[in-house]
Each structure stands twice: as C-alpha cells, then as structure tokens.
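Worksheet: one structure, shown below.
Number of protein chains: 2
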Amino acid sequence: MSDRGRATMKDVAALAGVGLATVSRVINGVPVDPHLTGRVLDAARQLGYRKDTAATSLRRADRRTNTIGLVLQDVANPFSSALHRAVEDVGVQRGLLVLAGSSDEEPDRERELLGVLRTRRVDGLIVVPTGAPDGELAAAHRDGTPIVCVDRASPVPGLDTVTADNRGGVAGAVRALHDLGHRDIGFVADHSSLWTARERHAGFVQAAGATRPAWVRRDVHTAEAARQAVTEMFAAAPAPTALVTAQNWLTVGARRALVELGLHRTVAHVGFDDFPLADMLDPPVSVIAQDPAELGRRAALLLLSRLDGDTGPAAAVTLPTRYIARGSGEIPPPGR
Amino acid sequence: MSDRGRATMKDVAALAGVGLATVSRVINGVPVDPHLTGRVLDAARQLGYRKDTAATSLRRADRRTNTIGLVLQDVANPFSSALHRAVEDVGVQRGLLVLAGSSDEEPDRERELLGVLRTRRVDGLIVVPTGAPDGELAAAHRDGTPIVCVDRASPVPGLDTVTADNRGGVAGAVRALHDLGHRDIGFVADHSSLWTARERHAGFVQAAGATRPAWVRRDVHTAEAARQAVTEMFAAAPAPTALVTAQNWLTVGARRALVELGLHRTVAHVGFDDFPLADMLDPPVSVIAQDPAELGRRAALLLLSRLDGDTGPAAAVTLPTRYIARGSGEIPPPGR
DNA sequence: CTGTTAGCGCGTTCAG
DNA sequence: CTGAACGCGCTAACAG
Numbered sequence: 001m002s003d004r005g006r007a008t009m010k011d012v013a014a015l016a017g018v019g020l021a022t023v024s025r026v027i028n029g030v031p032v033d034p035h036l037t038g039r040v041l042d043a044a045r046q047l048g049y050r051k052d053t054a055a056t057s058l059r060r061a062d063r064r065t066n067t068i069g070l071v072l073q074d075v076a077n078p079f080s081s082a083l084h085r086a087v088e089d090v091g092v093q094r095g096l097l098v099l100a101g102s103s104d105e106e107p108d109r110e111r112e113l114l115g116v117l118r119t120r121r122v123d124g125l126i127v128v129p130t131g132a133p134d135g136e137l138a139a140a141h142r143d144g145t146p147i148v149c150v151d152r153a154s155p156v157p158g159l160d161t162v163t164a165d166n167r168g169g170v171a172g173a174v175r176a177l178h179d180l181g182h183r184d185i186g187f188v189a190d191h192s193s194l195w196t197a198r199e200r201h202a203g204f205v206q207a208a209g210a211t212r213p214a215w216v217r218r219d220v221h222t223a224e225a226a227r228q229a230v231t232e233m234f235a236a237a238p239a240p241t242a243l244v245t246a247q248n249w250l251t252v253g254a255r256r257a258l259v260e261l262g263l264h265r266t267v268a269h270v271g272f273d274d275f276p277l278a279d280m281l282d283p284p285v286s287v288i289a290q291d292p293a294e295l296g297r298r299a300a301l302l303l304l305s306r307l308d309g310d311t312g313p314a315a316a317v318t319l320p321t322r323y324i325a326r327g328s329g330e331i332p333p334p335g336r
Numbered sequence: 001m002s003d004r005g006r007a008t009m010k011d012v013a014a015l016a017g018v019g020l021a022t023v024s025r026v027i028n029g030v031p032v033d034p035h036l037t038g039r040v041l042d043a044a045r046q047l048g049y050r051k052d053t054a055a056t057s058l059r060r061a062d063r064r065t066n067t068i069g070l071v072l073q074d075v076a077n078p079f080s081s082a083l084h085r086a087v088e089d090v091g092v093q094r095g096l097l098v099l100a101g102s103s104d105e106e107p108d109r110e111r112e113l114l115g116v117l118r119t120r121r122v123d124g125l126i127v128v129p130t131g132a133p134d135g136e137l138a139a140a141h142r143d144g145t146p147i148v149c150v151d152r153a154s155p156v157p158g159l160d161t162v163t164a165d166n167r168g169g170v171a172g173a174v175r176a177l178h179d180l181g182h183r184d185i186g187f188v189a190d191h192s193s194l195w196t197a198r199e200r201h202a203g204f205v206q207a208a209g210a211t212r213p214a215w216v217r218r219d220v221h222t223a224e225a226a227r228q229a230v231t232e233m234f235a236a237a238p239a240p241t242a243l244v245t246a247q248n249w250l251t252v253g254a255r256r257a258l259v260e261l262g263l264h265r266t267v268a269h270v271g272f273d274d275f276p277l278a279d280m281l282d283p284p285v286s287v288i289a290q291d292p293a294e295l296g297r298r299a300a301l302l303l304l305s306r307l308d309g310d311t312g313p314a315a316a317v318t319l320p321t322r323y324i325a326r327g328s329g330e331i332p333p334p335g336r
C-alpha cells in the first residue's frame with residue numbers, strides 16, 4: 001500500500017488476498033461469501049479505506065455523483081438558508097450532498113455557478129432563478145439534468161417550479177384591510193425584475209384597484225430605502241391609512257419609519273414574509289407568511305422523483321400563504 | 001459525438017480535427033498554436049463542452065477537487081449561515097465550491113458528514129466541531145487533509161482553530177454591570193458540552209466571583225427553556241438586578257420572560273451574540289457581539305494558506321468581541 | 001459465486 | 001510544438 005495518499009481498492013484486495021471485483025462487491029453490499037466479506041472488511045478497516053466518489057461516478061453506468069446543486073440568492077439570507085436546510089434534510093435520507101452557492105441576484109454570478117455545477121456533473125439542480133435569460137440553465141436542461149425552480153417562475157420553459165401564492169397572499173391581506181374600513185392603502189415592493197415582486201404587486205392591484213401613484217413604490221430594494229420611501233409617503237398629504245410591504249427587509253425598514261413618525265400605532269401595516277421577532281415588536285407585526293422550508297422540501301421531493309425516473313410534464317406547484325394577525329394589521333382607519 | 005450525455009474532450013478533438021492532448025492544453029490554458037486554439041474553442045462552444053471535474057481530479061497529480069467541506073451546526077442558523085457565506089466568498093475567488101452540511105450538534109451526524117466529505121476527497125475542511133471525540137476528523141487529519149476548526153476548540157490536537165474571545169467578552173460585560181453598581185447578576189448558558197458555553201461561563205465566574213447557585217442556570221438549550229429558567233429565577237426572592245444570557249436564542253427567551261414579568265425596564269440584561277432587530281425591541285438589547293462572517297473569513301483564509309503549502313505549526317486565532325450598548329445593559333440597579 | 005479485463009474522461013508522460 | 005499511449009480508482013461485463 002501507499003502510505004502517502006489513501007488506500008485504494010487494489011490495496012484492500014491485496015491485503016485481503018481477493019480479487020478487485022470482490023472488494024467492490026463487498027463495499028457496495030452485493031452478496032458475497034461471508035468468509036471473504038469478513039476478510040475484506042477487516043482489510044478495509046485496517047487501511048482506513050474509503051471509496052473514491054469521483055472514480056465511482058466516472059465508471060458507473062448512470063454517472064450519478066450523489067450531489068445536487070443549489071443556487072440561492074444568498075446562503076446567509078434567512079429565507080434562503082431555511083430553504084437550504086429543507087433541501088439538505090430531504091437529500092440526506094438519500095445520501096445526497098448539497099453544493100450550494102449564492103447568486104446575489106446577479107445573472108453573471110448565476111451563470112458562473114451553474115457552469116461550475118454542470119462541470120461537477122451534479123445529479124440535479126434546485127435554483128432560485130434571477131429571472132435573466134440563462135444559457136447555462138437551458139444547457140443543463142438540454143443535457144438532461146433535472147432542474148427545479150423554486151420561489152420564482154422559471155426563465156426556461158419546461159422546468160418544474162415550486163412557488164408560493166404571492167399574488168393571492170397579498171390580495172387577501174388587502175381585502176382584509178378593506179374590510180376593516182381602509183380605502184387608502186400604500187404599497188412598497190422590491191425590484192420589478194423579480195418575479196415575486198411583480199406577483200405581489202399584481203395581487204395588490206387586483207385587490208386595491210387604482211390608487212394614487214405616490215402610494216405605490218416599486219423597485220425598493222433595501223431596508224434603508226424602504227424607510228425613506230415610507231417617510232416620504234407619509235410626509236405628504238393626503239397619506240394612506242394602511243401600508244403593505246412586500247418583502248421582510250422592506251417591512252422592517254417601513255416599521256422603522258413609522259416609529260420615527262410616531263405612526264406605528266395609528267397606521268395599519270402588513271408585511272409579506274414572516275421574520276424572527278416580528279411578534280416581539282410593539283405592536284407585533286402582522287404578516288403574510290410563506291413557508292421557505294416547505295418550498296425547499298417540495299422542490300427537493302420533486303427533484304428526487306425526477307431522479308427516480310419520473311418523466312411526466314413539468315409540474316407547477318403553488319403553495320398557499322398564511323395570514324398571521326398579530327396586531328399591526330388589525331388597526332382600523334381613523335374615525336372608525 | 002454522443003447526443004445523449006455530454007460532449008467529451010474526444011468529441012471536441014474529433015470535431016476540431018486535432019489530438020486529444022491539444023484540446024486538453026487549450027482548455028487548461030497551456031500555450032498552443034493560436035490557429036489550433038481557435039478551432040478547439042469553436043468546437044468546444046459548438047458542442048457545449050464542459051470538462052469533467054471528477055475525471056480531472058482523478059487524473060491530476062495533486063488530486064485537487066476544488067471543493068471544500070463545511071460542517072456547521074445548522075445551515076439555517078443565522079450564525080452558521082453568515083459564516084457559510086464568508087467561506088463561500090473567500091472560496092469563490094479561488095474557484096472553490098463549498099459542500100456544506102448540518103451536524104445538529106449530533107456527534108453521529110458529524111461523523112457521517114465527515115465520512116462522506118472524505119469520500120468526496122475535498123481539498124480541505126472547515127468544521128464547527130460538536131466537541132465529541134471524532135475518529136473521522138482525526139482520520140482526515142492523518143490523511144493530510146487541511147482542517148480548520150471554527151467557533152470552538154478542536155477535539156483533535158494539532159488542528160488550526162479560529163474562535164472568538166468568548167471568555168473575555170462575557171467578563172467585560174459583567175465588569176461593566178458591576179461598574180454600574182450591580183452586585184447580583186444572573187447567568188443563563190447553553191449545554192455545557194459546548195466549548196463556547198463553558199468559556200462564557202468561565203468568563204462569568206472570572207468576573208462575577210461566587211454567586212448564588214440559583215442565579216446560574218446552565219444547560220439551557222432553547223428559547224422556551226430560557227424563558228422558564230428566567231421566570232423561575234425572578235419569581236424567587238432574592239432576585240438578581242442584572243442578567244447575562246450567553247446565546248442569542250436564550251437572550252430572546254429571557255427577554256420574553258422579563259416582559260411577561262414586567263421587569264424588562266427594571267432589570268439590566270446583556271446577551272451574547274447579536275441578532276437582527278435587537279435594536280428595535282423596547283428597550284433595545286445590549287449585546288456582546290461576535291462577528292460570524294469574520295470567523296468564517298479567517299478560517300477560510302487559514303485553510304487557503306494550508307492548501308498553498310503552509311506547513312507551519314497549528315494556528316490558534318482568537319478574535320475580539322465587541323460590546324454594543326443599546327440600553328438594556330445600561331439600566332442601573334434599584335436605588336442608584 | 002469469484003477473478004480477470006476493459007474502459008469511464010481526463011492529464012501527463014514520451015516520441016515525433 | 002503536436003499526437004499517441006498510458007493509467008488515475010473504480011464498476012460492468014465477461015469468463016471460469
């Protein structure tokens with residue numbers, strides 16, 4: 001055996017005094033004479049043998065690497081990391097490892113990541129697509145790599161998707177505000193290049209109808225920008241009596257502005273997407289919650305079924321959202 | 001060429017009308033006749049060729065896979081995911097991909113993950129160790145795989161470590177409370193099996209000296225358990241005038257208890273580890289902050305230097321913590 | 001059931 | 001400079 005570098009099957013075979021294929025069989029659980037099995041396992045243990053996944057997948061007929069690629073917006077983002085964890089949990093039961101990367105919403109970075117993952121010959125891909133037309137995604141699809149888009153619609157036709165009912169969630173919350181008596185409702189959303197932001201806006205328009213343009217702020221991307229947008233919105237007269245913010249960081253920035261203006265107990269406020277400690281603010285923040293873990297779990301299960309040979313038409317799973325009334329969304333308009 | 005499955009170097013060579021080795025040279029940037037280079041690149045583009053990382057690393061002399069393994073407590077935990085992102089950012093500049101997994105503090109799961117990562121022949125490992133003696137870690141070390149332990153001390157002698165100054169951070173915060181006049185200080189910490197929990201406790205003891213046993217609660221693992229522990233601590237007389245909680249979820253649970261008891265504006269409270277929205281609670285929560293991203297960045301840089309051949313003795317980097325005064329820790333004791 | 005042999009796709013000799 | 005031959009560690013097909 002070589003003592004620099006790891007032991008190989010050949011080393012194990014030599015030490016156990018059996019053929020190479022017998023070692024392969026034992027290691028892979030193919031029935032073999034129990035006596036030989038013992039000798040092989042002993043030799044393997046003695047040498048600290050671990051089989052080489054790269055060589056295995058190179059030789060196997062199906063070329064499986066037991067690895068799936070996961071392209072997220074940002075692995076450090078709570079939404080993304082909850083999704084990541086759910087994918088990991090499903091994968092681990094099948095012996096799949098996850099290669100995760102962050103696109104930061106940049107199409108170039110997304111392409112690069114997908115390229116590297118393709119080079120790694122991952123068995124499948126789960127992607128939160130930036131939405132830009134993406135040759136790598138299309139190429140991976142043509143290569144026959146199963147791909148599931150999650151959280152957002154696919155930029156490439158024919159891919160499985162798992163998304164939340166963004167539109168319906170916002171529309172429902174707006175209707176609830178309307179039922180409370182609110183007629184003047186403001187709206188703050190993220191970059192319109194994002195499918196989710198467009199969907200949430202569509203839900204708002206669907207339920208709120210036409211409103212003053214100054215009360216609808218789109219392409220707001222950071223908590224700080226949301227703080228400014230909301231400050232402006234409520235500095236001018238007339239101001240809305242209720243506010244819907246379409247992303248969790250925007251919700252936090254908006255709340256900060258409302259506190260600064262002394263309006264946080266006066267203006268009704270509902271955010272899209274739940275966040276930690278939302279219930280510990282004063283008043284607690286009502287939200288339209290989606291379940292990132294469930295999005296990830298469903299995407300992973302869908303991918304597994306494709307890996308198992310399911311060749312049915314592309315699935316489009318839509319998961320419901322859930323309104324969580326905590327207080328901030330239940331404030332009535334003035335004079336009611 | 002094969003149309004099912006991807007194009008190989010052979011396919012590219014055939015299409016370009018050159019030898020296999022020439023394609024290899026062009027793809028790997030070894031100088032080649034510019035005319036041939038063009039033909040090869042054209043053919044590669046035309047076939048959507050991507051070189052196969054598995055085959056590459058199998059054949060290369062150094063066996064590099066350009067992959068590093070990252071074993072975290074939980075990829076979905078904000079601390080872990082911030083660290084993950086920092087590792088990714090350092091790695092991406094070197095073309096390294098990250099295989100991340102969650103140990104959930106379970107030694108068995110940790111061992112299994114490390115085993116799989118070893119099978120993948122990752123170039124290096126960054127691990128938040130559970131602390132249990134771990135044969136896989138030791139074996140990987142013996143194999144010559146560079147390993148950096150981060151956030152916690154290494155269970156295996158001779159590994160590089162990057163940790164925060166847990167002990168000094170807590171001791172400093174306790175001294176600040178003492179300077180404010182506090183003499184009766186409670187303490188709540190996580191499982192004593194965790195190195196960080198033991199260090200933070202040591203820092204508390206070092207600065208606070210002997211206190212009533214009922215005011216020191218260890219092995220408290222969840223926000224809910226912290227809520228109960230703090231409720232009990234302040235239900236009995238005498239109760240402390242200040243409280244230090246040694247982990248962010250425990251801090252949140254403790255604050256919940258203080259609010260329920262109506263003591264959140266009366267009892268001084270300092271938490272270890274910052275968390276989102278700590279500044280938006282009332283009163284804002286003072287914390288001993290560590291920088292998970294910096295921990296990850298330093299660990300990754302240390303790993304890279306090992307990959308570059310640094311064979312110096314094991315490094316033990318300790319990063320300072322930073323006290324963030326927001327209000328809750330600046331409440332004086334009654335009658336002062 | 002076991003052993004032998006031939007490649008998987010690529011990098012790296014070695015001749016030309 | 002280029003191309004042919006070899007082998008990395010393993011599995012699949014075959015022969016015994």
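Quick mapping for you: the protein sequence lines, in order, are chains A and B.
Counting in full-length UniProt numbering, the first sequence runs from 1 upward without gaps.
Counting in full-length UniProt numbering, the second sequence runs from 1 upward without gaps.
All C-beta atoms in this analysis are idealised placements derived from N, C-alpha and C, irrespective of residue type, glycine included.
Contact set for residue i: own chain, Cβ-Cβ below 6 Å, skip 5 residues either direction
i, result
"A/F79", "P292"
"B/D165", "T318, P320, T321"
"A/I331", "A268"
"B/G169", "I288, T321"
"B/V148", "I126, D160, A299, L302, L303"
"A/D3", "Since pLDDT at A/D3 reaches only 36, below the 50 mark, its modelled position is unreliable, and the value read off the structure follows with that caveat. Counting only Cβ-Cβ distances below 6 Å, and skipping sequence neighbours, we find nothing."
"A/A229", "V188, R217, V220"
Distance between residue j and residue i (C-alpha atoms, nearest Å)
i, j, result
"A/M280", "B/V244", "19 Å"
"B/P34", "A/T163", "48 Å"
"A/L58", "B/V216", "57 Å"
"B/K51", "A/V116", "10 Å"
"A/L303", "B/R256", "40 Å"
"B/G19", "A/T22", "37 Å"
"B/H221", "B/P238", "25 Å"
"A/L113", "A/F275", "28 Å"
"A/G312", "A/Q93", "24 Å"
"A/Q141", "A/S102", "According to the sequence displayed, residue 141 of chain A carries His and not Gln. If I take the Cα positions, the gap works out to 20 Å."
"B/E232", "B/A225", "11 Å"
Chain-order list of residues whose beta-carbon lies under 8 Å from that of residue i (same chain, five-residue window excluded)
i, result
"B/D123", "R64, T65, N66, T67, I68, L96, T145, P146, L307"
"A/L15", "M1, A43, Q46, L47"
"A/L36", "A16, V18, T22, V26"
Proximal residues to residue i (C-beta, below 7 Å), its chain only, five neighbours per side dropped
i, result
"B/W195", "G131, R152, A153"
"B/P284", "A278, R326, G327, S328"
"B/A315", "D160, L302"
"A/I324", "D274, S286, V287, A289"
Identified DSSP bridge partners for residue i
i, result
"B/V162", "B/V150, B/V317"
"A/F275", "Looking at the DSSP assignment, A/F275 forms no beta bridge with any residue, so it has no partner."
"A/Y49", "In DSSP, A/Y49 forms no bridge with anything."
"A/F187", "A/V216, A/V244"
"A/T67", "A/L97"
"A/I331", "Note: A/I331 sits in no beta bridge, so no partner."
"B/A289", "B/R322"
"A/G124", "A/I68"
"A/S193", "Per DSSP, none; premise fails for A/S193."
Nearest-angstrom beta carbon gap, residue j and residue i [assumed within contact, 8 Å]
i, j, result
"B/L250", "B/D190", "7 Å"
"A/L261", "A/H269", "At roughly 12 Å, the Cβ-Cβ gap does not stay under 8 Å, so A/L261 and A/H269 are not in contact."
"B/E88", "A/V75", "6 Å"
"B/F187", "B/A246", "7 Å"
"A/A207", "A/V174", "4 Å"
"B/R212", "B/G253", "Not really, about 21 Å apart at Cβ, beyond 8 Å."
"B/G296", "B/V205", "Incorrect: roughly 29 Å between the Cβ atoms, too far for contact."
Residues of the stretch 194-213 of chain B with Cβ closer than 9 Å to any Cβ of chain A, in chain order = Identification of residues in the stretch 194-213 of chain B having a C-beta nearer than 9 Å to some C-beta of chain A yields an empty set.
Members of the UniProt domain "HTH lacI-type" (7-60) of chain B near chain A, C-beta cut-off 7 Å = Of all residues in the UniProt domain "HTH lacI-type" (7-60) of chain B, G48, R50, K51, D52, T53, A54, A55, S57, L58 have a Cβ within less than 7 Å of some Cβ in chain A.
ask   = When Cβ atoms are compared, which residues of the stretch 115-134 of chain A fall closer than 9 Å to chain B?
value = Residues G115, V116, L117, R118, T119, R120, R121.
Members of the stretch 78-110 of chain A that neighbour chain B once the beta carbon cut-off is set at 9 Å = Per Cβ criterion, the list reads P78, S80, S81, A82, L83, H84, R85, A86, E88, D89, V92, G95, L97, V98, L99, A100, G101, S102, R109.
request  = Taking a Cβ distance cut-off of 8 Å, strictly less, list which residues of the stretch 233-252 of chain B are near chain A, in chain order.
outcome  = Shown in chain order are the members of the stretch 233-252 of chain B whose Cβ falls below 8 Å from a Cβ of chain A: V252.
request  = Mind checking the stretch 285-296 of chain A against chain B and listing, in chain order, the residues whose C-beta falls within less than 7 Å of any C-beta there?
outcome  = Of all residues in the stretch 285-296 of chain A, none has a C-beta nearer than 7 Å to a C-beta of chain B.
key: Interface positions of the stretch 134-149 of chain A facing chain B (Cβ-Cβ less than 8 Å), listed along the chain   = Here the close residues are A139, R142, D143, G144.
inquiry  = If the cut-off is 9 Å on Cβ atoms, which residues from the stretch 256-276 of chain B count as contacting chain A, listed in chain order?
reply    = Considering only beta carbons, the part of the stretch 256-276 of chain B lying closer than 9 Å to chain A consists of R256, V259, F275, P276, in chain order.
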